[in-house]
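J.: One structure follows; several queries about it will come next.
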Amino acid sequence: MKKKVTKAIFPVAGLGTRFLPATKSVPKEIMTLVDRPLIQYAIDEARAAGIKEFIFVTSRGKGALEDYFDHAHELENTLRKKGKTDLLQKLKATNMDSGEIAYIRQHKALGLGHAVWCARRLLSNEPFAVILPDDVIAAETPCLQQMVEAHAELGGNMVAAMEVPDEKTSSYGVLDIKEDMGSVVSVKGMVEKPEADKAPSNLAVIGRYILSPDVMGHLNRIKTGAGGEVQLTDAIAQEITSADNVYGFRFKGQRFDCGSKAGFLQATVAFGLAHEELRDEFQDYLTDLGSVRNAAQ
Ligand code: UTP
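Next comes the structure, spelled out in structure tokens:
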């Protein structure tokens with residue numbers, strides 16, 4: 000029987016240089032989309048997919064992230080006394096149980112592959128998920144849940160994938176497709192950040208993975224690759240060669256690259272428009288903004 004995916008690694012040890020100077024003191028993952036930090040979206044998605052253990056790979060300066068997951072007893076008591084039950088419920092929904100969450104340090108930002116490898120002792124011989132919280136995905140069925148369901152059928156390794164325009168392939172890991180089965184493709188290769196004319200397809204990997212323990216084994220042996228970093232892509236590429244069981248999964252939903260300023264702003268607009276309390280006022284504002292711009296043209 001295939002093992003269930005119950006552990007997820009959240010690599011959050013990157014430097015977040017694209018958001019400097021903010022990230023000088025605020026971890027990128029704590030930055031707020033409307034009223035929830037990025038990391039909360041990732042946790043909620045993982046929980047919906049059946050994840051029970053949350054492993055954070057952190058680094059120096061990420062204290063605010065650890066604090067965020069502490070229970071805020073004083074705040075809870077104050078809200079309770081004031082009868083603010085709605086807010087209290089919202090707050091309590093973010094609580095993590097003791098022992099559910101673990102923090103591991105990555106002492107040097109040596110790349111995503113290295114960050115994942117740092118969590119090796121917290122995993123046994125089981126498949127695990129990797130979630131990059133700066134990829135926020137709006138979806139009716141949360142993306143990781145879609146993947147866990149497909150993984151339960153197929154096993155092996157699965158990476159979330161989406162079509163990107165030619166000029167964008169150089170920003171992603173790109174899949175070399177063996178067989179296209181619709182929402183799932185089997186993969187015969189993976190190329191990190193190819194120029195458009197060298198890209199084997201337009202199917203790009205984004206920040207959701209379900210990986211087998213073998214990939215952790217490859218990470219044990221991999222030396223630094225492109226950019227002097229240990230690339231997760233290299234370990235997955237080895238698995239393609241040795242086990243031929245890597246799949247790309249075309250998820251249903253919209254992905255926002257909240258690791259970039261433009262993506263973060265787009266997500267803010269989308270989530271603002273989807274927010275019950277804000278929707279109408281915000282929509283009116285955007286409509287007014289549009290008419291001012293049209294009048295000016
Ligand atoms: P990014 O490529 O977005 O890098 O990492 P970054 O440092 O977060 O941001 P920029 O590019 O400097 O603005 C993708 C994911 O991998 C994690 C990051 O925290 C992010 O979730 N990561 C990256 C690590 O945990 N460790 C690393 O050494 C590198």
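According to numbering that gives the first Met the number 0, numbering within the sequence shown proceeds without interruption in unit steps and concludes at 296. Cβ atoms here follow ideal geometry from the backbone N, Cα and C, with glycine treated the same way. Being a predicted model, the structure only gives us computed values, none of them experimental.
Assign residue 268 to one of two classes, buried (16 or more other C-beta atoms within 10 Å of its C-beta) or exposed (fewer than that).
T.: As a first step, residue 268 is located in the sequence shown; it is residue number 269 there, counting from the start. So residue 268 ends up on the exposed side.
J.: Leaving aside the five residues before and after residue 145 along the sequence, list all residues of the same chain whose C-beta is less than 6 Å from its C-beta, in chain order.
T.: Residue 145 sits at position 146 when you count from the first residue of the sequence shown. The residues are 250.
J.: Less than 7 Å between the CB of residue 70 and some heavy atom of the ligand UTP, yes or no?
T.: On the sequence shown, position 71 is the one that residue 70 refers to. No, the Cβ of residue 70 stays beyond 7 Å of every heavy atom of the ligand UTP.
J.: Can you grab the Cα-Cα spacing for the pair residue 256 / residue 114, in whole Å?
T.: Taking the first residue of the sequence shown as 1, we reach residue 256 at position 257. Taking the first residue of the sequence shown as 1, we reach residue 114 at position 115. One C-alpha to the other measures close to 20 Å.
J.: Leaving out five residues before and five after residue 260 in sequence, what residues of the same chain have Cβ atoms less than 8 Å from its Cβ?
T.: Numbered from its first residue, the sequence shown carries residue 260 at position 261. If we look at residue 260 and ignore the five residues flanking it on each side, its Cβ neighbours are 17 and 18.
J.: Just to confirm my understanding: we take residue 258, look at its own chain, exclude 5 residues before and 5 after, and list those with CB closer than 6 Å. What are they?
T.: Against the sequence shown, residue 258 aligns to sequence position 259. Excluding positions up to five away in sequence, the list reads 133.
J.: On the three-state DSSP scale, how would you describe residue 39?
T.: Locating residue 39 in the sequence shown gives position 40, counting from the first residue. Helix.
J.: Do residue 105 and the ligand UTP come close, with the Cβ less than 7 Å from some heavy atom?
T.: In the sequence shown, residue 105 corresponds to position 106, counting from 1. For the ligand UTP, at least one heavy atom lies less than 7 Å from the Cβ of residue 105.
J.: In the DSSP assignment, the beta strand (DSSP E) including residue 80 goes from what residue to what residue?
T.: For the purposes of this step, residue 80 is taken as the residue at position 81 of the sequence shown. Segment 72-80 is the alpha helix (DSSP H) holding residue 80; no beta strand (DSSP E) there.
J.: How about residue 26 and residue 64: do their beta carbons lie closer than 8 Å?
T.: By 1-based counting over the sequence shown, the position of residue 26 is 27. By 1-based counting over the sequence shown, the position of residue 64 is 65. Yes, the Cβ-Cβ distance between residue 26 and residue 64 is below 8 Å.
J.: Would you kindly report the start and end of the unbroken beta strand (DSSP E) that includes residue 134?
T.: Within the sequence shown, numbered from 1, the residue matching residue 134 stands at position 135. From DSSP, the beta strand (DSSP E) with residue 134 extends over 134-137.
J.: Okay, do the region 54-70 and the region 91-108 touch, 3+ Cβ pairs below 8 Å being the bar?
T.: A contact exists between the region 54-70 and the region 91-108.
J.: Rounded to a whole number of angstroms, what is the C-alpha to C-alpha distance between residue 284 and residue 270?
T.: Locating residue 284 in the sequence shown gives position 285, counting from the first residue. Locating residue 270 in the sequence shown gives position 271, counting from the first residue. One C-alpha to the other measures close to 15 Å.
J.: Between which two residues does the alpha helix (DSSP H) containing residue 233 stretch?
T.: What you label residue 233 is simply residue 234 of the sequence shown in a count that begins at 1. Run containing residue 233: 231-242, per the alpha helix (DSSP H) assignment.
J.: Using a Cβ-based criterion (distance less than 7 Å to any ligand heavy atom), does residue 217 qualify as near the ligand UTP?
T.: The residue labelled residue 217 in the question sits at position 218 within the sequence shown. No, Cβ of residue 217 sits at least 7 Å from all heavy atoms of the ligand UTP.
J.: Measuring only from the beta carbon, is residue 245 closer than 7 Å to any heavy atom that is part of the ligand UTP?
T.: For the purposes of this step, residue 245 is taken as residue 246 along the sequence shown, with counting starting at 1. Answer for residue 245: no, Cβ out of range of the ligand UTP.
J.: Closest to residue 124 by C-alpha separation, out of 211, 147 and 101, would be which residue?
T.: Taking the sequence shown and counting its residues from 1, the one referred to as residue 124 is at position 125. Cα-wise, what sits closest to residue 124 is 211.
J.: Between residue 203 and the ligand UTP, is there a pair consisting of the residue's CB and a ligand heavy atom that are separated by less than 7 Å?
T.: Looking up residue 203 in the sequence shown gives position 204. Every heavy atom of the ligand UTP is 7 Å or more from the Cβ of residue 203, so no.
J.: Which one of 176, 201 and 148 has the shortest CA to CA distance from residue 170?
T.: Stepping through the sequence shown from its first residue, residue 170 is reached at position 171. Out of 176, 201 and 148, 201 has the C-alpha closest to the C-alpha of residue 170.
J.: What's the gap between the Cα of residue 199 and the Cα of residue 162?
T.: Residue mapping note: residue 199 aligns to position 200 of the sequence shown, counting from 1. Residue mapping note: residue 162 aligns to position 163 of the sequence shown, counting from 1. If you take the alpha carbons of residue 199 and residue 162, they lie about 12 Å apart.
J.: Quick one: using the 10 Å Cβ neighbour count with 16 as the cut-off for buried, is residue 156 buried or exposed?
T.: To locate residue 156, count along the sequence shown from 1; it is residue 157. Under this definition residue 156 is a buried residue.
J.: Measure the C-alpha to C-alpha separation of residue 111 and residue 105 and round it to an integer number of angstroms.
T.: For the purposes of this step, residue 111 is taken as the residue at position 112 of the sequence shown. For the purposes of this step, residue 105 is taken as the residue at position 106 of the sequence shown. About 10 Å.
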